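Note sheet for the following structure.
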Amino acid sequence: MSSLNKSPFLQIFLSYLPIFMLFFSVFNEFDFNYLKLEYFSFNFVHLLIFFWTLRNPDHLGYLVIFFAGIINDVVIGIPLGISSFCYLLLCSVTAYIRNITLSPNFIKDWISLLFTILLINSIQVIVLDLIFLITVDYMNYLINSGFTFLFYPIFFVVFNFLNKRISIQQND
Amino acid sequence: MASSRDDFVIAIRSAFLKKKDKQKFSLLTLIFLSFIVIVLSNFNFKATQIVKSSINEVIYRSSALISTPENYIKSLKKDFDQHMRLYKTHKATKIELENLKQKQLTNDFLKIENKKLRSLIDENIETKEIFAKVLIDKESPYLKSVVLNKGSRDNVKIGMAIVDGVYLVGQIIEVNYTNSRALLLSDFNSKIPSVLAPNDIQAVVSGTGSNYGIIEYTQYEIEKNLNESEIIAYTSGLGGLFKPGIPIGKMSISSTGKINFFSDFTQLNYVKITSYKIGSKK
Chain A
9 MSSLNKSPFL
19 QIFLSYLPIF
29 MLFFSVFNEF
39 DFNYLKLEYF
49 SFNFVHLLIF
59 FWTLRNPDHL
69 GYLVIFFAGI
79 INDVVIGIPL
89 GISSFCYLLL
99 CSVTAYIRNI
109 TLSPNFIKDW
119 ISLLFTILLI
129 NSIQVIVLDL
139 IFLITVDYMN
149 YLINSGFTFL
159 FYPIFFVVFN
169 FLNKRISIQQ
179 ND
Chain B
18 MASSRDDFVI
28 AIRSAFLKKK
38 DKQKFSLLTL
48 IFLSFIVIVL
58 SNFNFKATQI
68 VKSSINEVIY
78 RSSALISTPE
88 NYIKSLKKDF
98 DQHMRLYKTH
108 KATKIELENL
118 KQKQLTNDFL
128 KIENKKLRSL
138 IDENIETKEI
148 FAKVLIDKES
158 PYLKSVVLNK
168 GSRDNVKIGM
178 AIVDGVYLVG
188 QIIEVNYTNS
198 RALLLSDFNS
208 KIPSVLAPND
218 IQAVVSGTGS
228 NYGIIEYTQY
238 EIEKNLNESE
248 IIAYTSGLGG
258 LFKPGIPIGK
268 MSISSTGKIN
278 FFSDFTQLNY
288 VKITSYKIGS
298 KK
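Which chain is which? The protein sequence lines are A and B, in order.
Just so we're aligned, residue 9 is where the first sequence starts under our numbering, counting upward by one.
Just so we're aligned, residue 18 is where the second sequence starts under our numbering, counting upward by one.
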């Protein structure tokens with residue numbers, strides 16, 4: 009078992025897992041953002057980027073996030089660059105929080121996520137609706153922001169477990 | 018006071034400009050880059066169009082490839098469900114077939130009569146159809162669209178109608194070399210000039226973002242003139258984009274203004290891209 013834990017393949021796999029999850033979710037047709045359920049959706053990519061750029065930015069680079077945004081725009085059919093811009097704004101908030109925080113606090117992170125998501129979704133709505141004249145459903149955005157905020161603790165536990173596994177692998 | 022402002026400035030500068038060991042670009046550079054991409058994608062320069070089209074080509078194909086296992090599971094589930102409902106469906110289909118056979122006789126007569134009348138006024142409708150496979154049907158809360166595997170190489174043009182069987186499902190909004198994107202009727206931005214039969218009321222069927230549409234601009238008239246228990250919306254052909262008479266959806270008297278589309282947009286596999294030309298016979 010311990011030899012399995014020290015396996016270089018597992019180490020590489022785990023260290024690239026956040027990137028893999030990010031690209032898989034932007035490329036794949038299955039999307040938490042659109043679960044075909046009325047009044048329920050959440051943005052998995054926002055949660056993923058928020059957690060990893062806040063807690064372990066070495067495993068999710070900004071350039072990777074930029075490209076993931078471009079892919080997301082192409083796949084869902086909105087003008088190029090909007091998702092990248094929003095994802096990078098999310099990164100700038102997490103970078104700022106990282107710089108001003110000495111000891112990470114879950115509650116503070118959670119509340120800052122709410123403000124960040126509301127900010128980036130507002131920017132997205134403004135750009136789509138007012139600049140590109142694409143009609144969007146404000147209620148959908150609001151519901152999406154709400155559930156993304158509420159689901160953070162669940163994904164925090166999962167990602168935190170994964171983050172610890174990665175750290176253990178690297179320190180072995 | 019000054020110290021806390023300095024701390025804020027330092028934190029902001031560090032967040033935007035500092036690069037970690039593995040980062041090749043600072044956050045500020047990438048934010049600027051994405052801003053430039055947004056601005057460029059807003060303009061229709063030839064160079065940006067080519068770059069955009071190439072990016073679309075690569076990403077659509079990759080996305081279709083990555084979604085293969087998921088689509089396979091989806092189709093397995095669909096087949097299983099169909100198999101379980103087989104007996105019930107068979108019984109219902111038998112009754113429906115009998116009704117359709119009777120209607121077919123009337124339809125055949127009407128078709129011949131229509132053809133005869135068109136030739137009398139020296140007019141014909143030329144329809145061009147291209148069969149296409151749905152590559153990606155990743156719907157989002159923002160845009161209801163599908164990506165098809167036919168593009169400018171196959172003479173697909175913006176505005177062409179997308180038909181599932183005989184039912185209208187949307188129209189082409191973006192064309193690349195080997196693929197194209199179609200906006201579904203359910204999208205917020207979809208507005209189709211239509212005619213409501215049998216009352217013959219001109220209306221616009223608009224998407225709602227959900228799996229139904231609404232009648233716009235003529236709701237008052239509909240309420241006044243609703244005599245039939247079921248109203249069918251067809252394309253009116255006004256605006257010249259769609260062939261007149263393509264079925265869109267039906268509306269029951271209990272749900273005034275709400276159109277239930279005939280086609281199930283979540284089950285689209287193969288569609289027809291159609292264009293038509295009304296002209297006089299030579």
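Yeah, the Cβ is synthetic: ideal placement off N, Cα and C, and Gly gets one too.
Quick caveat: nothing in here was measured; it's all calculated off a predicted structure.
| Asked | Found |
| --- | --- |
| Amino acids of chain A, ordered along the chain, whose beta-carbon sits closer than 7 Å to that of B/Phe33 | Ser100 |
| Proximal residues of chain B, C-beta to C-beta of A/Asn36 below 7 Å | Ile83, Ser84, Glu87 |
| Where B/Gly187 falls, given that 16 or more other Cβ within 10 Å makes a residue buried | buried |
| Exposure label - B/Met268; buried when at least 16 CB within 10 Å | buried |
| Delimiting residues of the alpha helix (DSSP H) encompassing B/Lys174 | That residue, B/Lys174, is in no alpha helix (DSSP H); it is neither H nor E in DSSP. |
| Simplified DSSP assignment, three categories, for B/Leu200 | strand |
| B/Phe33 vs A/Ser91 beta-carbon contact at 8 Å | no |
| C-alpha gap between A/Cys94 and B/Pro210, whole angstroms | 36 Å |
| Where A/Tyr47 falls: helix, strand or coil (DSSP) | coil |
| Cβ neighbour criterion (16 or more within 10 Å) applied to B/Leu134 | exposed |
| 8 Å Cβ cutoff met for B/Ser253 and B/Pro264 | no |
| B/Ala220 versus B/Ile179 - alpha carbon distance | 20 Å |
| Test: B/Ser79 CB closer than 8 Å to a CB of chain A | yes |
| Minimum C-alpha distance to B/Glu74 - residue among B/Leu165, B/Lys174, B/Ile48 | B/Leu165 |
| Three or more C-beta pairs below 8 Å linking the stretch 66 to 86 of chain B and the stretch 73 to 92 of chain A | yes |
| Sequence-distant residues of the same chain with beta carbon closer than 7 Å to A/Ile125, five excluded per side | His54, Ser153, Thr156, Phe157 |
| Inter-residue spacing [alpha-carbon to alpha-carbon] between B/Gln284 and B/Lys91 | 10 Å |
| At least three beta-carbon pairs within less than 8 Å, the stretch 194 to 203 of chain B to the stretch 221 to 232 of chain B | yes |
| Alpha-carbon spacing of B/Asn61 relative to A/Pro87, whole angstroms | 12 Å |
| Which residues DSSP lists as bridging B/Phe62, in chain order | Per DSSP, none; premise fails for B/Phe62. |
| Start-end ranges of the alpha helix (DSSP H) lying completely within the stretch 41 to 120 of chain B, minimum 4 residues | 44 to 59, 63 to 83, 85 to 101 |
| Minimum C-alpha distance to B/Phe14 - residue among B/Lys294, B/Tyr293, B/Val288, B/Ser292 | For residue 14 of chain B there is no data in the structure shown, the boundaries of chain B being 18 and 299. |
| Burial state of A/Ser111, where buried means 16 or more other Cβ atoms lie within 10 Å | exposed |
| Option in B/Ser197, B/Leu47, B/Glu113, B/Arg170 with minimal Cα separation from B/Val151 | B/Ser197 |
| Chain B within 8 Å of A/Val53, Cβ atoms only | no |
| Run of the beta strand (DSSP E) containing B/Ser162, from where it starts to where it stops | 162 to 165 |
| Interface partners of B/Gly226 on chain A, CB under 8 Å | Asp145, Asn148 |
| Through-space distance from A/Leu71 to A/Met9, alpha-carbon basis | The pLDDT assigned to A/Met9 is 47, lower than 50, so where the model puts this residue is not dependable, and the model offers no usable value. |
| A/Leu96 versus B/Met101: straight-line alpha-carbon distance, rounded | 48 Å |
| Nearest-angstrom Cα separation, counted from B/Leu160 out to B/Asn206 | 8 Å |
| Whole-angstrom C-beta distance between B/Ser31 and A/Phe74, which should lie under 8 Å | Their Cβ separation, rounded to whole angstroms, is 20 Å, which puts A/Phe74 and B/Ser31 out of contact at 8 Å. |
| DSSP three-state assignment for A/Asp145, whether helix, strand or coil | coil |
| Span of the alpha helix (DSSP H) around B/Gln284 | Unbroken run through B/Gln284: none, as it is neither H nor E. |
| CB contact check: A/Phe74 to chain B, cutoff 8 Å | yes |
| Own chain partners of B/Asp181 with C-beta closer than 7 Å, once the 5 adjacent residues on each side are dropped | Ser280, Leu285, Val288 |
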